[in-house]
Each structure stands twice: as structure tokens, then as C-alpha cells.
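Taking the numbering used here, the leading residue of the sequence shown gets 459, the next gets one more, and so forth.
Cβ atoms here follow ideal geometry from the backbone N, Cα and C, with glycine treated the same way.
For clarity, every value in this text was computed on a predicted model and none was experimentally measured.
Below: one structure, written as C-alpha cells.
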Amino acid sequence: MLKRATAFMLCLSLCMLPVSCATSLTERKREARVSRQLGESYLADGNVTAALGVFLKAEKLYDQDHFLQNDLGLAYFAKGEYRLAIAHFKKAVKLKPDYSEAQNNMGAVYLRLKEWDSAIACFNRALDNLLYATPQFALNNLGEAYRGKGDYKKSIDYYRKALDVDPRFPTAYRGLGLTYLAMGDYREAVSALEKAVRYAPDFAGAYFDLGRSYARQRKKQKAISAFGKVAELVPGSNLADRALSEIRKLGE
């Protein structure tokens, strides 16, 4: 009887083992998801170090979450660890090949590195997904990449495609303005940049570029006003210092 009971208990234990493992995996997934969400709140608040710490803990619990890998990429990007960021974005799209947001984010890192062709490939892959909810971001980034390559015609085409999707997209208007500024077409540059600040009144970078465009048109007072707005929006910043320097030059 004792042998039979022992054999029965052993069999019961073996039968329960897969259930126990499955429960453990479910619990680890749950804990990882809770940690990821906490990290995302830190990231949204600009506390990148805290976010990264929480994301790394979540990854130890469960590393097959494409959202988590994308979040890790964003955190490393914010830290300036570009190659680590790319590695995690690649993991995200390996886990979910149609993850357009991760493709776009990876392309943004390549933009920062000025690896234009790699960036373009990422943005095009993002746009291959017809269910991508925010294609204007990838289209705008294609405009950035082609502007970086000096292909201004394609750059303008992609900025305009982004604006076809979202006619109030200030970043695309700024990119368009910078492209026209690089081409020496100051009238069109001003037109685009005025729309950028109209739709985003706190867009300091666009005001700075608008000031530069006005200055090229010899519209001194308008240029001073635009540069002054930069100093008002981001006082004490490097951009504000540059804007004040431009104002001093115009006053000489």
C-alpha cells in the first residue's frame, strides 16, 4: 500500500508541474506588465533613469514583450545610448514584425546618427503596415532623412505627404521651412514656419528658424520679435542664448 501511495503522489506531482510552470509564467508576465506601465509613467514625466531601471527589472521577469523592448529602446535613446536603443527596437520588431512605432523609433535613432539610408529603410518599413495609425510621423521623418541627404525635392514631397495626413502638424511645417531655408527660398520658408508657430505657439525651435528666415529677408523687426519669443519660451537654454545673440547682431 505504501509503495502504491508513493507512486500515486509522484504521478500527481508530475501532472501538476506543467500547470505550476504555466501559473508561474502568467504571474511573471503580469508583474512585468505592471513594471512596464510604471516605467512608462516615469518616462512620460522625463525621469529616464528611473524608467530604465524599472524596464530592466521587467525584462528580467519577461523579455518577450514587444512593448517593453520598444520602451527600453526609447529609454536608451533618451540616454544617448544609440546602439543599445537600436538593439532593443530590433528585438521589438522581431517579436512583432508589423510594429510600425518601433520601426519609426529605430529610424529616428539612425536620423540622430546621420545614417540616412538606414533611417529611410526603417521609415519605409513602418509605412508598409497599412494599419499604422500615425503614418504622418514616418512621412515627416522621411522628409528629415532626405533633407539630411541634401535631396530637397524628395524632402519637400514627404513633408507635404505628412501634411496631407495631418494638415496641422507643426513639425512637418518646420521641416518644410528648414528645407526651403536651405534652398534659399526665404519666402516659402517664412510661410511654412509661420504655420508651424501658428499651430504650436510654444514651439521655440520653429520661432528660432522663423527669426533666421525673417533676417534673410531683411525684416529686422520681425526677426527680433521671433528671436525674442524664443528667449521668452525657453529662458536660460542654449537656444535662448543663441536667439539673444542673433538679436544683438541685428541691433549692431
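- Residue of L651, Y610 and Y657 minimising C-alpha distance to T637: For the purposes of this step, residue 637 is taken as the residue at position 179 of the sequence shown. It is Y610.
- Cα-Cα separation between K607 and W574, rounded to whole angstroms: Against the sequence shown, residue 607 aligns to sequence position 149. Against the sequence shown, residue 574 aligns to sequence position 116. Cα to Cα, the separation comes out at about 7 Å.
- Task: With a 10 Å radius around its C-beta and 16 neighbouring C-beta atoms as the bar for buried, classify N696 as buried or exposed.
- Result: Translated into the one-based positions of the sequence shown, residue 696 becomes position 238. Under this definition N696 is an exposed residue.
- Whose C-beta lies closer than 8 Å to the C-beta of C469 among residues of the same chain, with five residues either side of it excluded? For the purposes of this step, residue 469 is taken as the residue at position 11 of the sequence shown. Because the pLDDT of C469 is 48, which lies under 50, any placement of that residue in the model is unreliable, and the question is left without a value.
- Is the CB-CB distance between L547 and A560 below 7 Å? Start at 1 with the first residue of the sequence shown, and residue 547 comes out as number 89. Start at 1 with the first residue of the sequence shown, and residue 560 comes out as number 102. Inspection of the sequence shows that residue 547 is occupied by Phe rather than by Leu. The answer is yes: Cβ separation under 7 Å.
- Message: Tell me the rounded alpha-carbon separation between K707 and L639.
- Response: In the sequence shown, residue 707 corresponds to position 249, counting from 1. In the sequence shown, residue 639 corresponds to position 181, counting from 1. In this model, K707 and L639 are separated by some 19 Å (Cα to Cα).
- Task: Would you mind reading off the limits of the alpha helix (DSSP H) that contains G511?
- Result: By 1-based counting over the sequence shown, the position of residue 511 is 53. Taken as a continuous stretch (DSSP letters only), the alpha helix (DSSP H) holding G511 covers V506 to L519.
- Rounded straight-line distance, which links the Cα of E485 to that of K572: The count along the sequence shown starts at 1 and reaches residue 572 at position 114. The count along the sequence shown starts at 1 and reaches residue 485 at position 27. C-alpha separation (whole angstroms): 42 Å.
- Cβ atoms of G633 and Y617: under 7 Å apart, would you say? Counting from 1 along the sequence shown, the entry for residue 617 is found at position 159. Counting from 1 along the sequence shown, the entry for residue 633 is found at position 175. Yes.
- Minimum C-alpha distance to S671 - residue among F685, D660 and P659: The count along the sequence shown starts at 1 and reaches residue 671 at position 213. If we check each option's Cα against that of S671, F685 comes out closest.
- Candidates Y500, K487, N505 and L597: closest to L519 by CA position: Start at 1 with the first residue of the sequence shown, and residue 519 comes out as number 61. The residue with the shortest Cα to Cα distance from L519 is K487.
- Query: If you drop the 5 nearest sequence neighbours on each side, which residues of the same chain put their C-beta closer than 6 Å to that of S558?
  - Reply: One-based indexing of the sequence shown puts residue 558 at position 100. If we look at S558 and ignore the five residues flanking it on each side, its Cβ neighbours are A584, N587 and Y590.
- Query: Sorted by chain position, which residues of the same chain lie with C-beta nearer than 7 Å to A533's C-beta, five sequence neighbours on each side aside?
  - Reply: Position 75 of the sequence shown, counted from the start, is the residue given in the question as residue 533. If we look at A533 and ignore the five residues flanking it on each side, its Cβ neighbours are L501, V506, A509, L510 and F513.
- Item | Straight-line gap, K677 to Y644 (C-alpha atoms, nearest Å) | By 1-based counting over the sequence shown, the position of residue 677 is 219. By 1-based counting over the sequence shown, the position of residue 644 is 186. C-alpha separation (whole angstroms): 11 Å.
- Nearest-angstrom Cα distance between E646 and D529? As a first step, residue 646 must be located in the sequence shown, where it is residue number 188. As a first step, residue 529 must be located in the sequence shown, where it is residue number 71. Going from the Cα of E646 to the Cα of D529 covers about 38 Å.
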